[in-house]
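Numbering (our numbering), first residue to last: 466 to 728. Data block below; observations after.
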């Protein structure tokens with residue numbers, strides 16, 4: 466089969482997994498080895514399909530911000546995925562655990578933008594001035610790939626293993642906290658399960674957001690005013706089960722929690 470046919474086949478496998486709720490086999494063998502651009506083509510096919518179906522794009526997520534995870538997957542930069550409005554779980558609402566396949570959670574800093582970022586030649590100062598506010602966030606990641614048997618091509622094609630997200634309700638300006646050195650602790654049903662700090666996220670969550678903004682401008686899907694950026698995990702992700710309650714506290718940003726339905 467041609468490369469284009471394989472890309473379409475990979476996109477369809479992931480799309481059908483979303484519809485059916487049944488994981489699919491890894492799609493990496495359908496794509497040229499190491500061809501991350503082809504994996505993003507898979508992601509984009511489904512992004513365009515979802516937009517045509519009426520889903521609303523509200524931001525982006527950044528993955529693979531940990532150097533250790535990058536090394537594990539054989540890459541030297543993060544990846545990104547799309548955030549849609551129907552992925553947002555308002556604080557205080559129960560999370561329907563059945564919506565996300567093989568769910569795991571990560572604690573992150575989310576940024577909300579006050580202006581468009583259409584220019585690829587951005588500076589750190591541009592990024593800082595474009596951030597309206599930050600909040601604590603829990604990302605509920607999932608994988609359409611069976612048993613989380615993923616490599617870089619699988620996760621990129623699968624919208625960076627995105628699922629749902631919960632935003633905290635204590636917005637802060639960048640001047641009100643230290644995004645590099647803020648500590649994070651995440652508890653699952655009262656037990657600490659993940660710890661970290663902003664510095665674990667590409668050295669700074671703002672640096673991660675700048676990387677994303679440049680890439681989005683280059684690929685023709687620039688970030689816009691009001692967009693949400695999930696800037697990357699501050700500590701290890703952990704699995705969740707029906708009935709779990711997860712709370713993440715980030716220094717200077719307060720807390721955010723997610724309660725998972727009993728299934």
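Every residue, glycine too, gets a C-beta built ideally from N, C-alpha and C.
Distance, residue j Cα to residue i Cα
i           : j           : result
residue 531 : residue 667 : 7 Å
residue 500 : residue 558 : 39 Å
residue 469 : residue 624 : 18 Å
residue 566 : residue 607 : 5 Å
residue 508 : residue 710 : 31 Å
residue 471 : residue 514 : 17 Å
residue 708 : residue 562 : 9 Å
residue 495 : residue 535 : 22 Å
residue 477 : residue 705 : 27 Å
residue 506 : residue 480 : 13 Å
residue 661 : residue 673 : 16 Å
residue 519 : residue 503 : 25 Å
residue 657 : residue 665 : 18 Å
residue 556 : residue 690 : 22 Å
residue 686 : residue 545 : 12 Å
residue 720 : residue 497 : 43 Å
residue 572 : residue 642 : 16 Å
residue 622 : residue 593 : 30 Å
residue 659 : residue 485 : 31 Å
residue 526 : residue 474 : 24 Å
residue 552 : residue 683 : 25 Å
residue 568 : residue 591 : 35 Å
residue 511 : residue 718 : 34 Å
residue 619 : residue 680 : 20 Å
residue 522 : residue 671 : 21 Å
Sub-8 Å separation of residue i and residue j beta-carbons
i           : j           : result
residue 524 : residue 548 : yes
residue 637 : residue 663 : no
residue 693 : residue 677 : no
residue 488 : residue 610 : yes
residue 696 : residue 603 : no
residue 491 : residue 615 : yes
residue 647 : residue 716 : yes
residue 698 : residue 560 : no
residue 639 : residue 596 : yes
residue 586 : residue 650 : no
residue 570 : residue 702 : yes
residue 578 : residue 688 : yes
residue 675 : residue 589 : yes
Residue interval of the alpha helix (DSSP H) (run including residue i)
i           : result
residue 589 : 589-595
residue 718 : No alpha helix (DSSP H) holds residue 718; DSSP gives it neither H nor E.
residue 621 : 617-622
residue 574 : It is not in any alpha helix (DSSP H) - residue 574 instead sits in the beta strand (DSSP E) that spans 569-578.
residue 639 : It is not in any alpha helix (DSSP H) - residue 639 carries neither H nor E in the DSSP assignment.
residue 478 : 468-485
Extent of the continuous beta strand (DSSP E) to which residue i belongs
i           : result
residue 674 : Here residue 674 belongs to no beta strand (DSSP E); instead the alpha helix (DSSP H) covers 670-683.
residue 653 : 648-653
residue 706 : Counting along the chain, residue 706 falls outside any beta strand (DSSP E), and DSSP gives it neither H nor E.
residue 695 : 693-698
residue 662 : 656-662
residue 632 : 629-632
Residue i beta carbon near the ligand GDP (any heavy atom closer than 7 Å)
i           : result
residue 708 : Questions concerning the ligand GDP fall outside what the structure shown contains, since it holds no ligand whatsoever.
Contiguous alpha helix (DSSP H) assignments of at least 4 residues, all confined to the region 491-549: Listed in chain order, they are 501-517 and 532-538.
Report yes or no: do three or more beta-carbon pairs, one from the region 579-588 and one from the region 628-637, lie closer than 8 Å? Here the region 579-588 does not lie against the region 628-637, with fewer than 3 beta-carbon pairs under 8 Å apart.
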